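Numbering (our numbering), first residue to last: 251 to 314. Taking it in order: structure first as structure tokens, then the write-up.
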């Protein structure tokens, strides 16, 4: 006899809307978003573009 275990779904710890809000808030604060990390606990971490890359980009734009 074969037994199939059915696992219950865990409660959703974050929504797509939560991620969108985090990105929107970061951009509104003037932070360029490099990536977003969501861990298993539902914590949302917005990783910013390192400052030197932003400065170099602005220097290139100013030179054009």
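The beta-carbon is built from N, C-alpha and C at its ideal position, and this holds for glycine as well. Computed from a predicted structure; not experimentally measured.
- For residue 285, the secondary structure class from DSSP, reduced to helix, strand or coil, is strand.
- Pairing residue 286 with residue 271, the inter-Cα distance amounts to about 12 Å.
- Cβ neighbours of residue 269 within its own chain (closer than 8 Å, five residues either side excluded): 286, 288, 294.
- Residue 279 carries a coil assignment under DSSP once its states are collapsed to helix, strand and coil.
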